[in-house]
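These notes are about the structure you will find just below.
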Amino acid sequence: YSKKNGKNQYNFYQNGMEGVSENHLRMEQDLHHAIVNNEFKLYYQPQVDTLKGHMYGVEALIRWQHPKLGMLTPFHFIDIAEETNLIIPIGEWIVREACRQGKEWHDSGLMLQVSINISPKQFQSNQLVDLIADALEESGFDPSCLIIEITEAIAMSQIEKTVDTMYRLKKLGVRISIDDFGTGHSSLSYLTELPIDALKIPREFVQNLGTETNNAIVHTIITLANNLNLKLVAEGVEHLEQLQLLQEMGCSYIQGYLFSRPILKEDVQLFTLDKQPLS
Ligand code: C2E
Ligand code: MG
Ligand code: MG
Ligand code: MG
269 YSKKNGKNQY NFYQNGMEGV SENHLRMEQD LHHAIVNNEF KLYYQPQVDT LKGHMYGVEA
329 LIRWQHPKLG MLTPFHFIDI AEETNLIIPI GEWIVREACR QGKEWHDSGL MLQVSINISP
389 KQFQSNQLVD LIADALEESG FDPSCLIIEI TEAIAMSQIE KTVDTMYRLK KLGVRISIDD
449 FGTGHSSLSY LTELPIDALK IPREFVQNLG TETNNAIVHT IITLANNLNL KLVAEGVEHL
509 EQLQLLQEMG CSYIQGYLFS RPILKEDVQL FTLDKQPLS
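In this note's numbering, the protein residues as written are 269 to 547.
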């Protein structure tokens, strides 16, 4: 292995398709080991209700403690996991672990919502609904506190099956959120017919706040969410000015480095807004 400077990318051979596929093959083998050896870890990023001034939820984000390469973010392995179907067993672990952890927090008096990201293959797999039902039952976690995050691309593919899966999920009592809303190519009229509960404003839009076009886009998303009665969460909020603009525009659920990076479960319990920049 060689870590490429800065970007933390690595490959075995610097050039050529051969190197790339060798790299993928090795990565695939490593992923198999990782599943057996429990090398994955969920980190949790606090989500803040800026009106009430408290953390109301967390988003579970996977990390891989690779034995040689150190801590890897999804960028380094999620696509390979998806291509090789290894996302199915990894995703199963994520669902069960997130529910177990959510229940543990609730039992300790920390009533958090827990959001999990579901990949396209995992969403289209026939086991997803049963898996989530089973994980909820096994853990005893309150279904209404489990948020399933999917992308627009998922929502817009295999439409009939997707809608059916969504309704079956809703029947379990969980909630559905569209991640990175506005970055995909979805049909608005179709989206309004889906049983979704929330939209997430993507980091890209938050980071470009201040420019006229971008403000207009964010404003449009906020208006849409209000009109459709959807909860709205802005992600990737790093600066106080972004927070203030979002609040002025009517978005008060915030996630981003301004409040916290993704942290370990132990640190979630210690997270406090006391010294945080709330207006
Ligand atoms: P996402 O679901 O849109 O998650 C938000 C990403 O933005 C996370 O990156 C988070 O660490 C990062 N982020 C949050 N706030 C800030 C900020 O203020 N500034 C900056 N620069 N970044 C911020 P992460 O953890 O690397 O995850 C990247 C993507 O990988 C996620 O995007 C999601 O699509 C996918 N992913 C993460 N965890 C899982 C998982 O458990 N299962 C699946 N299927 N996909 C996952
Ligand atoms: Mg997400
Ligand atoms: Mg997102
Ligand atoms: Mg994203």
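C-beta: ideal position from N, C-alpha, C; glycine also. Quantities reported herein were computed from a predicted structural model and do not represent experimental measurements.
For residue i, I'd like the list of residues in its chain whose CB is within less than 8 Å of its CB, leaving aside the five on either flank, ordered along the chain.
{"i": "Gln315", "result": "Met323, Tyr324, Gly325, Val326, Glu327, Gln381, Ser383, Val501, Tyr521, Ile522, Gln523"}
{"i": "Val442", "result": "Ile400, Leu404, Pro411, Ser412, Leu414, Ile415, Ile416"}
{"i": "Leu310", "result": "Ala328, Leu329, Ile330, Arg331, Ile362, Glu365, Ala366, Gln369, Lys533"}
{"i": "Thr352", "result": "Glu296, Leu299"}
Would you mind reading off the limits of the alpha helix (DSSP H) that contains residue i?
{"i": "Thr433", "result": "427-440"}
{"i": "Glu350", "result": "346-351"}
{"i": "Met517", "result": "508-517"}
{"i": "Arg471", "result": "471-475"}
{"i": "Leu456", "result": "456-459"}
{"i": "Leu492", "result": "480-495"}
{"i": "Gln395", "result": "Premise fails: Gln395 is in no alpha helix (DSSP H) and is neither H nor E."}
At which residues does the beta strand (DSSP E) containing residue i begin and terminate?
{"i": "Phe409", "result": "It is not in any beta strand (DSSP E) - Phe409 carries neither H nor E in the DSSP assignment."}
{"i": "Gly355", "result": "A small correction: the amino acid at residue 355 is Ile; Gly does not occupy that position in the sequence shown. First-last for Ile355: 355-375, but that is the alpha helix (DSSP H), not the beta strand (DSSP E)."}
{"i": "Glu503", "result": "It is not in any beta strand (DSSP E) - Glu503 carries neither H nor E in the DSSP assignment."}
{"i": "Thr419", "result": "414-419"}
{"i": "Leu340", "result": "338-340"}
{"i": "Ser383", "result": "381-385"}
So, for residue i: in the same chain, excluding its five sequence neighbours on each side, which residues have a beta-carbon less than 7 Å away from its beta-carbon?
{"i": "Gln282", "result": "At Gln282, the pLDDT of 46 sits below 50, so the modelled position is not reliable and the matter cannot be decided from this model."}
{"i": "Val363", "result": "Ile384, Leu399, Ile400, Ala403"}
{"i": "Asn273", "result": "Residue confidence is low: Asn273 scores 40 on pLDDT, short of 50, so the model does not pin down where it sits. Its coordinate-derived value is still stated next. So the list is empty, once near-sequence residues are dropped."}
Take residue i and list the residues in its own chain whose beta-carbon comes closer than 6 Å to its own, dropping the five residues that flank it on each side.
{"i": "Asn276", "result": "Confidence at Asn276 is low in this model, with a pLDDT of 41, below 50, so the placement of that residue should be treated as unreliable; the coordinate-derived value is given next. Excluding positions up to five away in sequence, the list is empty."}
{"i": "Ala366", "result": "Ala328, Val382, Ile384"}
{"i": "Arg529", "result": "none"}
{"i": "Ala493", "result": "Leu467, Leu500"}
{"i": "Pro513", "result": "Reading the sequence as shown, one finds Leu at residue 513 and not Pro. The answer, listed in chain order, is Leu477."}
{"i": "Leu354", "result": "Leu299"}
{"i": "Pro470", "result": "Asp448, Thr451"}
{"i": "Trp373", "result": "Leu380"}
CB of residue i to nearest heavy atom of ligand 3: below 8 Å?
{"i": "Asp448", "result": "yes"}
{"i": "Arg443", "result": "no"}
{"i": "Glu503", "result": "yes"}
{"i": "Arg471", "result": "yes"}
{"i": "Glu480", "result": "no"}
Which residues does DSSP pair with residue i in a beta bridge?
{"i": "Glu534", "result": "Bridge partners of Glu534: none, in fact."}
{"i": "His322", "result": "Asp317"}
{"i": "Asp447", "result": "Thr419"}
{"i": "Glu290", "result": "In DSSP, Glu290 forms no bridge with anything."}
{"i": "Glu327", "result": "Gln313, Ser383"}
I'd like to confirm something about residue i: is its beta-carbon nearer than 8 Å to some heavy atom of ligand 2, or not?
{"i": "Lys468", "result": "yes"}
{"i": "Ser528", "result": "no"}
{"i": "Ser520", "result": "no"}
Rounded C-beta distance between residue i and residue j? I'm assuming under 8 Å.
{"i": "Thr451", "j": "Glu472", "result": "7 Å"}
{"i": "Gln426", "j": "Gln392", "result": "6 Å"}
{"i": "Ile490", "j": "Met517", "result": "5 Å"}
{"i": "Lys371", "j": "Gly408", "result": "5 Å"}
{"i": "Ala421", "j": "Pro388", "result": "7 Å"}
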